[in-house]
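Single-structure report; data block below.
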Amino acid sequence: MTNLTAYPATGFVTRSADLMTNLSNELRIPGERLHTFTRLQDDLFLDQMDVKLLIASLESRMEYYLTEEEMAQIETVGDIQHFFLR
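When we follow the working numbering, the leftmost residue of the sequence shown carries the number 57, and every step to the right adds one.
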């Protein structure tokens, strides 16, 4: 198995792992339950306010802020990755 953290030059792997750790910690859900296709409302049972609070917490931790339009597009963990890791 390849050690993905052995390639810090891109920073993507580290940022992706940090994001998933932050998501797991914030939601108090084991990381293995979080996948790109995991739907925040249908699979994790978050309501719209929970999603907004989650995004606000991630914005603060990741020091990257989304517009209202971007925030409205977030439905899955993959959407969160798309916006925070670009």
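The beta-carbon is built from N, C-alpha and C at its ideal position, and this holds for glycine as well.
Please read these numbers as outputs of a predicted model, since none were measured by experiment.
Check	Outcome
Beta carbon of F140, beta carbon of L75: below 8 Å?	yes
Run through the DSSP bridge pairs and tell me what R95 is partnered with.	T132
State yes or no: is the C-beta of E131 within less than 8 Å of the C-beta of L79?	no
Could you please give the first and the last residue of the uninterrupted alpha helix (DSSP H) stretch that includes L110?	104 to 118
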